[in-house]
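There are 4 protein chains.
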Amino acid sequence: MAQSVLMNEQELTALLIREFPQIAVGEEFVVESVGPMRAVMRLRGQDKHLRPGGTISGPSMFALADVCLYVAIMAQIGPQSLTVTTNLNINFLRKPESGDLVAQCKLLKLGKRLAVGEVYLHSPGVEEPVAHASGTYSIPPRP
Amino acid sequence: MAQSVLMNEQELTALLIREFPQIAVGEEFVVESVGPMRAVMRLRGQDKHLRPGGTISGPSMFALADVCLYVAIMAQIGPQSLTVTTNLNINFLRKPESGDLVAQCKLLKLGKRLAVGEVYLHSPGVEEPVAHASGTYSIPPRP
Amino acid sequence: MAQSVLMNEQELTALLIREFPQIAVGEEFVVESVGPMRAVMRLRGQDKHLRPGGTISGPSMFALADVCLYVAIMAQIGPQSLTVTTNLNINFLRKPESGDLVAQCKLLKLGKRLAVGEVYLHSPGVEEPVAHASGTYSIPPRP
Amino acid sequence: MAQSVLMNEQELTALLIREFPQIAVGEEFVVESVGPMRAVMRLRGQDKHLRPGGTISGPSMFALADVCLYVAIMAQIGPQSLTVTTNLNINFLRKPESGDLVAQCKLLKLGKRLAVGEVYLHSPGVEEPVAHASGTYSIPPRP
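Chains as they are written, first to last, in the working numbering: chain S, -6 to 136; chain R, -6 to 136; chain X, -6 to 136; chain W, -6 to 136.
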C-alpha cells in the first residue's frame, strides 16, 4: 500500500463488506491494490454474471466500475459512508473473455464536494479494454 | 399490447428468461407493458438489492434501466439476440424508497444500426424520479 | 412567465449577455420561455453553425443544450454566477434540418449543491428529436 | 507521423478545413500530432472562447474534444466524410488557465461501425486535467 492513502486494502475490504452487504466482497469483488488516486479491483468470474456465450453481464461490469471508483475515493479520504454515485457513464467496447475481469481506476479530480474518476475494465492479460467508465461521486459536507 | 409492436409482454418475458438467465426475470424483473417506442418494467424490491438504509443499489438500478431499454427495442424489432448495449449514462437523483422501482423507457431513435432511448426510474407513486438513464444499443446487421 | 420562477425571460437574457459575452445572446441564442423546472431556447440557424450539407454543428448543439440547462436553473434559483457545468452527456440522433433549433429543458433535480436536467433538441415542427442531452451543474454554497 | 496511420497532420488539417468550415482550423484548432490510435490537438486561446474570469468556454472544450476524436479516427481509417458523433460525455474538472488548451485523444475501440475514444484536456504544463471526455463516432458502411 502506498503511504499516502488513508485506508489499505484490508480496511477497504472491511468497509465494502459493511457498506455493500448485497455484493459478495472478498469472494467475487476483490480489492487488489490501492495507491494515490488509484485502485485496482477484480471480479472473479462466476456463473451468475454470465450471459449466453459465457461473457460477464453489463450490470456486473457497471458494479465493478462503480465499486472500484468508490474504493479509490475512500482510500484517499477515509470512510465517508454517505458518499454516493451521482453519475456514471459506461462504454461497452468488446465482449469480455469468460473468467475474471480487472478494473483499474484513476481519480481525475478529488474536490471537497465531488470526486471524478475513470475506470478501465480488462480481461486479464488482454491488452484491449472490455469497457471504459467515467463517474462522479458526491462527498458529504464534513464538519 | 399495442398492435404496432412485434412482441408482447409474455413473449418478451420468455426472451429475457432465455437471454438473461442470470437475472430473475418474472420474479424480480417484471415486464409490465410495452407499446410503440415504449416499455415499462418493475423491479420487485428484495433484500439483495438493498444498501444500508434500505435503498436499492446502483447496479440494480443500472440493470433495470438497461433491460428496460432492451425490452423496448425488442418489442419494436423482434428478437435479435446479438443486440448489445454500447453506452449507458445514468444520473442518480435521490434515494429510492425501499420497495419496488418502476422504469419507463422511451426510444428516441430506432435506426438500422443503433437504437437510443431514455429511462426514468421512479419509486411507485412518487413524482420525482430516482434516477434517469440514457443509452445506446447496437443492432446487428440483418440479412 | 410562470409566477414561481425567480427570473423572467428578459432578466435571463440580460444575465446571459453579462455571463457569456462570447455567445450572441438575443441574436443567435434566444430565451423563448421559462417556467417551473423548465426552459425553452432557440438557436437561430446561421452560417457559422453549419456543417457541410447544411446542418447545425455538434458544438453548437452542445452550447444550446448547456445554456438552456443553465437558464432553467437560474430561473429557479436566481443569478448565481459561479454555477458551472460539471457533466454533460449528449446523444446525436439524426441530422437537423437547416434553420433554427429549439431546446426544451426539464430539471430532474434541483438540490442545494447539484442540479440535473435533460434537454431535447428539435428542428421546429419535426416530431423526432435531433439530439438529447443530460447534464449536471454544481451550485456554489450560499451564505 | 507514425507509419501506421493513413493520414498525416497536413492531410488531416486539410480535411478539417474542408469538412468543418465553421471552425478556424489551423488558426484556433491545430492538429499537433497523430499516431496509432492517438491524436493531439491544440486550441489557441482567443477572446471568443473566454468566459468571465478568462477561462475557455464549455462549448469550446466540447468542440476541441470532439474534433480531436474525429482526427484520431480519420488518421486510422482515412477520410470518411459521413463519420459522425453519436455520443459524447464530458466531465468538467477544474477551471482552465487562460491561454491554450491541449487535447490528447486515445482510441479505445476502432470497429467497423463504431469507434470509441477518450480525450484529456489540459492547460499546457499543468498536470491535472481540465476536462475529460469520452465519445463514440458512427462509421458509415464501406462498399
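Every residue gets a Cβ at the ideal spot worked out from N, C-alpha and C, and that includes glycine.
Using 10 angstroms around the beta-carbon of Gly110 of chain S, count the other beta-carbons present and answer buried if the total reaches 16, otherwise exposed.
Burial is judged here by how many other beta carbons sit within 10 angstroms of a residue's own beta carbon; Gly110 of chain S has at least 16 and is buried.
I'd like the list of long-range same chain contacts for Ile16 of chain W, defined as Cβ closer than 6 Å, with 5 residues on each side in sequence excluded.
Phe22
What residues from chain R crowd round Arg35 of chain X, counting only those whose CB sits closer than 7 Å?
Those do not exist, as Arg35 of chain X stays about 20 Å from chain R at its closest Cβ, beyond 7 Å.
In the DSSP assignment, find the beta strand (DSSP E) that holds Glu25 of chain X and state where it starts and stops.
Where Glu25 of chain X is concerned, the enclosing beta strand (DSSP E) stretches over 22 to 28.
Anything in chain W within Cβ reach of Val23 of chain S, meaning under 7 Å, just list it in chain order.
Result: empty, since nearest Cβ-Cβ is about 24 Å, beyond 7 Å.
For Thr79 of chain W, would you say it is in contact with chain S, using Cβ-to-Cβ distances shorter than 8 Å as the test?
no
For Met34 of chain R, list the residues DSSP reports as bridge partners.
For Met34 of chain R, the pairing in a beta bridge is given by DSSP as R:Val24, R:Ala96.
Is there a C-beta anywhere in chain S that falls below 8 Å from the one on Pro122 of chain W?
yes
Three-state secondary structure (DSSP) at Glu90 of chain S?
DSSP places Glu90 of chain S in coil when its eight states are reduced to three.
Strictly under 8 Å for the Cβ-Cβ distance: is Glu111 of chain S near chain W by that measure?
Yes, its Cβ sits closer than 8 Å to a Cβ of chain W.
On the premise that His125 of chain R lies in contact with Asn84 of chain R, defined as a C-beta separation below 8 Å, what is that separation, rounded to the nearest angstrom?
5 Å
Can you tell me which residues form a DSSP beta bridge with Phe85 of chain X?
Beta-bridge pairing links Phe85 of chain X to X:Ala124.
Counting contacts by CB-CB distance shorter than 8 Å, is Asp93 of chain W in contact with chain X?
no
Reducing DSSP to helix, strand and coil, say where Ala68 of chain X ends up.
helix
At the 8 Å Cβ level, is Ile83 of chain S part of the contact set with chain R, yes or no?
yes
Distance, Cα to Cα, Ala65 of chain X vs Arg11 of chain X?
17 Å
Consider the Cβ of Arg106 of chain R: report whether some Cβ of chain W lies at a distance smaller than 8 Å.
yes
Here's the rule: buried if 16 or more other CB atoms are within 10 angstroms of the residue's CB, otherwise exposed. What is Pro52 of chain S?
Pro52 of chain S sits buried, since 16 or more C-beta atoms from the chains shown fall within 10 Å of its C-beta.
Classify Arg135 of chain R: buried if its beta carbon has 16 or more other beta carbons within 10 angstroms, exposed otherwise.
exposed
Indicate whether at least one CB of chain W lies closer than 8 Å to the CB of Gln15 of chain X.
yes
Sort R:Lys105, R:Leu5, R:Leu36 by Cα distance to Tyr63 of chain R and report the nearest one.
R:Leu5
Can you tell which of X:Leu100, X:Thr78, X:Ser91, X:Ser131 has the C-alpha that lies nearest to the C-alpha of Val152 of chain X?
Lying outside -6 to 136, the shown extent of chain X, residue 152 of chain X is not represented and no answer is given.
For Val77 of chain S and Gln97 of chain R, I'd like the C-alpha separation in whole angstroms.
23 Å
Just mark Pro117 of chain R as buried or exposed, buried being the case when its beta carbon has 16 or more other beta carbons within 10 Å.
exposed
With a Cβ-Cβ cutoff of 8 Å, do Ala58 of chain R and Val112 of chain R count as a contact?
yes
Quick one: is Ser131 of chain W near chain R, going by C-beta distance under 8 Å?
yes
Check Gly110 of chain R in the structure and name its three-state DSSP category.
Strand.
Do Glu25 of chain R and Val139 of chain R have their beta-carbon atoms positioned less than 8 Å apart in this structure?
In the structure as shown, chain R begins at -6 and stops at 136. Residue 139 of chain R is therefore absent and cannot be evaluated.
Under a Cβ-count criterion, where at least 16 other Cβ atoms within 10 Å of its own Cβ denotes burial, should Leu100 of chain W be classed as buried or exposed?
buried
Does any residue of chain R bring its CB to less than 8 Å from the CB of Gly51 of chain S?
yes
Nearer than 7 Å: is that true of the beta carbon of Phe22 of chain R relative to any heavy atom of the ligand MG?
No copy of the ligand MG appears in this structure; indeed no ligand is present at all.
Taking only beta-carbon atoms, is Ala65 of chain R less than 8 Å away from chain S?
no
CA-CA distance, Ile70 of chain X and Glu120 of chain R?
21 Å
Please look up how many angstroms separate the CB atoms of Leu86 of chain S and Lys105 of chain W, rounded, as I've assumed it's under 8 Å.
With 8 Å as the limit, Leu86 of chain S and Lys105 of chain W do not qualify as a contact, their Cβ atoms being about 14 Å apart.
Where DSSP assigns a beta bridge to Asn80 of chain W, which residues make up the other side?
X:Asn84, W:Thr129
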